[in-house]
Structures are given as C-alpha cells and as structure tokens.
Amino acid sequence: KQEVTQIPAALSVPEGENLVLNCSFTDSAIYNLQWFRQDPGKGLTSLLLIQSSQREQTSGRLNASLDKSSGRSTLYIAASQPGDSATYLCAVHNTDKLIFGTGTRLQVFP
Amino acid sequence: DAGVIQSPRHEVTEMGQEVTLRCKPISGHNSLFWYRQTMMRGLELLIYFNNNVPIDDSGMPEDRFSAKMPNASFSTLKIQPSEPRDSAVYFCASSLGVGAGNGQPQHFGDGTRLSIL
Chain A
49 KQEVTQIPAA LSVPEGENLV LNCSFTDSAI YNLQWFRQDP GKGLTSLLLI
99 QSSQREQTSG RLNASLDKSS GRSTLYIAAS QPGDSATYLC AVHNTDKLIF
149 GTGTRLQVFP
Chain B
899 DAGVIQSPRH EVTEMGQEVT LRCKPISGHN SLFWYRQTMM RGLELLIYFN
949 NNVPIDDSGM PEDRFSAKMP NASFSTLKIQ PSEPRDSAVY FCASSLGVGA
999 GNGQPQHFGD GTRLSIL
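Chain order of the listed sequences is A and B.
So for the first sequence, this note's numbering puts the first residue at 49; every next one is plus one.
So for the second sequence, this note's numbering puts the first residue at 899; every next one is plus one.
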C-alpha cells in the first residue's frame, strides 16, 4: 500500500530564505507526482506536476525534483515571501488514484 | 475560465439529517473525484467517475454515503443519515482523462465545510 510522508510537518522562516520541502513515498511504481498548495479555508491549487520520466519541473520561484528510485521528491522555494505561507501537499499518482501526503505547513514572516 | 464549483460552501445540520453536496466540474473534464479532508486522516479519495461512470468507490466509508453523476457537468455526494463523525471538508476535483500517466493535473474546488451536530 502506497504511503506518502512529508517532512517537516511545519516550518516557520523569515522572508527571503530558500526552502526545501520533502516528500517521500514507499512504492516507487508511480506514474507522476503533483505538488499542491492549500490556503486556509480554500481548495488545493496545483503547483507542479512531474511525470515519472522527468527529473524536475520549474515554475517561477518553485522547482520540484523527483527521484523515483529512492522514493523522494523535493519542492524548492527560492527567496520565500509572506505570500508563500500555506500548506504544501505532495501527491503521487498510483494506478488511477492520487495518494496525498500529510502536508507541510509553511509560515514566512516579514 | 471557471474552475470547479462546489455548493454549499458551509453546511451545518443535525445528526440524522440528509446532506447533499454538489459539484460542477470544469467544462470538458471527463473525470471527477470526491475527497474528504480531516485533521486526523488528511485527504482521502472517496469515489471517482470517468465519463459519468463510477470507477472506484472503495473509499466510500459506509452505505450511508452515495454519489451520482447524472451528466458531465454535475455530481452529488449524499450522506443519509448523517453522523457527527462525518464532519469534515469535502472536496470535488476534476481532470482530463483518467488514470495515472495521462499527465493531467487534478483541479480542486474550494470545498464544502460540513458540520454535523
């Protein structure tokens, strides 16, 4: 059974820092991996999707990497801003389903 | 263009009442997913449809839960009778295609916050 874990569970940093959020999964037979952002009281916003054949994807200040063989993905946030404060979730596509991680709650203070 | 639309945004009702949650997927998307989010269990897939047909309902917790998709632009999730432990945020998501490997991301609605007293 696929299990997805995210570390750390919570993170509080000053504005301007570069951040790394970690995601690990137990079954490497995934099709792709998706990173989401969730703001309080809101739904999930898709940030990046990495196909299993890809190593990384970039969007603005965000870069996500995937190492399928070791069951790991990282989300790198460059030059963090208070507006980046949210919960970040990774999810792996296993067969027909998305299996979600536990999330990392990020707070960036001015 | 409009995203996934869910209604109501909030629902408070008494135990034993019937609850109906509604979802309008993004136009042109042919897969629809219902999720439940709680502090204890995180995000869990309840059921998903492809081309209006239920594909996997193994996540539906009990027979009290049922979901329908009468057409490509509308789906409902019904709980009857409701219980306090059903309190959670229920999300609907849609995507193009179905199954992993199609490379299409899922797009989520803002959710329905359900409280059963």
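A virtual CB, placed ideally from N, CA and C, is assigned to each residue, including glycine.
This one's a predicted model, so the numbers in the text were calculated from it and none came from an experiment.
Bridge partners of Pro952/B according to DSSP: Phe947/B. Straight across, the Cα-Cα distance linking Pro959/B with Ile945/B is about 10 Å. Collapsing the DSSP output to three states places Pro982/B in a helix. In the structure shown, Asp75/A falls within a coil segment according to DSSP collapsed to helix, strand and coil. The beta-carbon separation of Leu67/A and Ser128/A, rounded to 5 Å, stays under the 8 Å limit for a contact.
Collapsing the DSSP output to three states places Gly1007/B in coil.
Taking all protein chains in view, the Cβ of Asn80/A is crowded by 16 or more other Cβ atoms within 10 Å, so the residue is classified as buried. With three or more CB-CB distances shorter than 8 Å, the segment 965–976 of chain B counts as touching the segment 911–920 of chain B. Excluding five sequence positions before and after Thr74/A, the CB atoms of its chain that fall closer than 7 Å to its own CB belong to Gln50, Glu51 and Gly119, given in chain order.
By the criterion of a C-beta distance shorter than 7 Å, Asp132/A is surrounded in its chain by Ile125, Leu154 and Val156, once the five residues flanking it on both sides are discounted. Under the DSSP assignment, Asn142/A falls in the beta strand (DSSP E) whose first and last residues are Ala134 to Asn142.
Where Ser973/B is concerned, the enclosing beta strand (DSSP E) starts and stops at Phe972 to Ile977.
Taking 7 Å as the cut-off, the beta carbon of Leu92/A is found no closer than this to the beta carbon of Trp83/A. Gly995/B has a beta carbon lying at 7 Å or more from every beta carbon in chain A. Counting along the chain, Leu146/A sits inside the beta strand (DSSP E) bounded by residues Lys145 to Phe148. As the crow flies, the alpha-carbon of Leu110/A is around 12 Å from that of Tyr136/A. Of all C-beta pairs linking the segment 139–154 of chain A to the segment 979–990 of chain B, fewer than three are shorter than 8 Å, placing the two stretches out of contact.
Contact note: Phe148/A reaches chain B through Gly940 and Leu941, using a C-beta cutoff of 7 Å and chain order. Within the same chain, Cβ atoms closer than 7 Å to the Cβ of Asp87/A are found at Ala134, the five residues on either side in sequence being excluded.
Using beta-carbon distances, Phe947/B does not count as an interface residue toward chain A, since no partner is under 7 Å. Annotation for Lys922/B: the continuous beta strand (DSSP E) segment containing it runs Val917 to Lys922. According to DSSP, Asn969/B shares a beta bridge with Phe972/B. With respect to chain B, the C-beta atom of Ser94/A has a partner C-beta closer than 7 Å. Residue state for Pro62/A is assigned as strand, using DSSP reduced to three classes.
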